[in-house]
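Everything below concerns the one structure shown next.
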Amino acid sequence: MFPKGSKDNESVSFPMPERIVSELLCEISTLAELKVTLFVARVTSQHPAGFSCISINEFVNGIKDKDGNIISKGVGLARQHVIRGIRLAEKRGTILTYTTGSKGKQTRWYFWNTEENRKLVQALKEKQISIDELVKSQESLF
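In structure tokens, the structure reads:
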């Protein structure tokens with residue numbers, strides 16, 4: 205996959221939360237949950253705010269930039285397995301989810317389950333901050 209001497213082999217990395225390595229690898233028993241957990245870890249670690257809006261289609265097909273170029277491959281699983289992996293990760297408490305929109309047109313925002321992100325999701329639920337404000341503040345960090 206990464207030929208010897210390839211730059212991809214040398215420089216691609218992201219911070220891995222210690223909890224994944226020390227606890228979750230022993231507990232996670234399905235490939236779907238593991239792949240979803242690692243995908244959320246990688247995608248959210250690329251954003252200074254520590255969260256990202258990830259659609260089911262992005263989990264399945266990858267994330268594209270505004271020009272349509274794939275910047276992150278998907279998890280390599282069928283849609284139903286991705287949904288199962290997300291549900292398992294939510295149930296385990298690894299990720300937090302905040303949902304916007306009405307039925308049929310919902311967008312889910314995924315957060316690592318940290319103290320800071322729990323406060324942020326609670327503020328969103330209590331309408332102390334809007335998701336639009338949060339997205340604008342995230343964009344200003346880049």
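Residue numbers (the working numbering): 205 to 346.
Glycine residues also receive a C-beta, built at the ideal position from the N, C-alpha and C atoms.
Sub-8 Å separation of residue i and residue j beta-carbons
i: Gly-272; j: Lys-239; result: no
i: Leu-300; j: Arg-322; result: yes
i: Ile-232; j: Ile-260; result: no
i: Thr-298; j: Leu-228; result: yes
i: Ala-236; j: Met-220; result: no
Opening and closing residue of the beta strand (DSSP E) in which residue i lies
i: Thr-303; result: 299-304
i: Ile-258; result: Where Ile-258 is concerned, there is no enclosing beta strand (DSSP E), given that its DSSP letter is neither H nor E.
i: Ser-276; result: 274-276
Residue i versus residue j: straight-line alpha-carbon distance, rounded
i: Tyr-314; j: Thr-304; result: 12 Å
i: Ile-267; j: Ala-282; result: 15 Å
i: Ile-224; j: Thr-234; result: 14 Å
i: Ile-277; j: Ile-258; result: Going by the sequence as given, residue 277 is Lys instead of Ile. Taking the straight line from one Cα to the other gives about 12 Å.
i: Trp-316; j: Ser-226; result: 16 Å
i: Val-247; j: Asp-269; result: 13 Å
i: Arg-312; j: Arg-296; result: 18 Å
i: Glu-262; j: Gln-284; result: 13 Å
i: Cys-430; j: Glu-294; result: Summary: the structure shown does not reach residue 430, with the chain confined to residues 205 through 346, and so no result is reported for it.
Element boundaries [alpha helix (DSSP H), containing residue i]
i: Ile-290; result: 283-296
i: Gln-326; result: 319-329
Three-state secondary structure (DSSP) of residue i
i: Lys-307; result: coil
i: Ile-232; result: coil
i: Ser-249; result: helix
i: Ile-333; result: coil
i: Phe-346; result: Any reading at Phe-346 needs caution, since the residue's pLDDT is 35, under 50, leaving its predicted position unreliable; the model's value is listed next. Coil.
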